[in-house]
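See structure below.
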Amino acid sequence: SQQGEEDPQALSIQEGENATMNCSYKTSINNLQWYRQNSGRGLVHLILIRSNEREKHSGRLRVTLDTSKKSSSLLITASRAADTASYFCATDVKGISNDMRFGAGTRLTVKP
Amino acid sequence: ETGVTQTPRHLVMGMTNKKSLKCEQHLGHNAMYWYKQSAKKPLELMFVYNFKEQTENNSVPSRFSPECPNSSHLFLHLHTLQPEDSALYLCASSRSPGLAQTQYFGPGTRLLVL
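First to last, the sequence lines map onto chains A and B.
In this text, residue positions in the first sequence follow the working numbering: the first is 110, and each later residue adds one.
In this text, residue positions in the second sequence follow the working numbering: the first is 480, and each later residue adds one.
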């Protein structure tokens, strides 16, 4: 069953702008991961944030986690056309499952 | 290149056919996964294998039959599929199952059932 839910479903911005995507989940988690998928390809891991962390950076990516609101955000700064892809959050379900559950994703389009 | 390969990349089959999807990982991982990705739906976990043993079957119909002969190879045998089974089938691997593990995905097999 679905655990994470991304918002918005689709986002279109100009190159150079920042893109923010949100993920909400329903139950307690141990960690949350963000993945990226180019059209019709496999997913690529971007970043993992643990439940005791509030913010994490990796290059132009910034991820925040608010466990009290059961939500996370992915910020891509100074976006590029090559960032065009679908972005998914994935969480485990604490105490119930050892496996990750993915949301339906946010489709990001960065226009040159 | 993630170290996980899948063949074939595209497959068209009739409802009476039998075919197999293959996944191979070169990462020394112990856990392998099959996912189904349909248009505009969340990624659905189908099966999980840990050290060749199936640890999860996510209520998948029996027309999908997984096989894991060793920790580097994973197959998905298909028979008497339905048109609604058309989807992108993704294989993934990780060092071990679950918590705090990054999964490495293959490029997927695009399946069309006629």
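For each residue, glycine too, the CB sits at the ideal point set by N, CA and C.
It should be emphasised that the depicted structure is a prediction, and the values quoted were computed from it without experimental measurement.
* Straight-line Cα distance separating B/E523 from B/S572 -> 15 Å
>> Taking the alpha-carbon of B/S565 as reference, which of B/M492, B/L591, B/K531 and B/R574 has the nearest alpha-carbon?
In response: B/L591
### Message
At the level of alpha carbons, what is the spacing between A/L184 and B/N537?
### Response
32 Å
With a threshold of 8 Å between beta carbons, is B/Q582 in contact with chain A? yes
Give the DSSP bridge partners of A/D116, in chain order.
A/N131
(request) Could you spell out where the beta strand (DSSP E) holding A/S180 opens and where it closes? (result) S180 to I185
Using a beta-carbon distance cut-off of less than 9 Å, what residues from the stretch 133-154 of chain A approach chain B? N139, N140, Q142, Y144, Q146, G149, R150, G151, L152, V153 and H154
DSSP-derived helix/strand/coil call for B/E563:
helix
Task: 8 Å Cβ cutoff met for A/L152 and B/F526 - done: no
Indicate whether A/Q142 and A/A199 have their beta-carbon atoms separated by less than 8 Å. yes
Note to self: Taking 8 Å as the cut-off, does the stretch 485-502 of chain B touch the stretch 206-220 of chain A (at least 3 CB pairs, one atom from each stretch)?
What the structure shows: no
Q: Out of A/S160, A/G149, A/S121 and A/R189, point me to the one whose CA is closest to A/S137's CA.
A: A/S160
What residue range does the beta strand (DSSP E) around B/S499 cover?
K497 to Q504
Using the Cα positions of B/P562 and B/K515, report the straight-line distance between them to the nearest angstrom. 14 Å
Requested in this report: Could you tell me the distance, in whole angstroms, from the CA atom of B/Q504 to the CA atom of B/T534?
Outcome: 18 Å
Who are the Cβ neighbours of B/R542 in its own chain at under 8 Å, not counting the five residues just before and after it?
L557, H558, T559, L560, Q561 and D564
Between A/T173 and the rest of its own chain, which residues show a CB-CB distance below 6 Å, the 5 nearest in sequence each way excluded? E164 and S182
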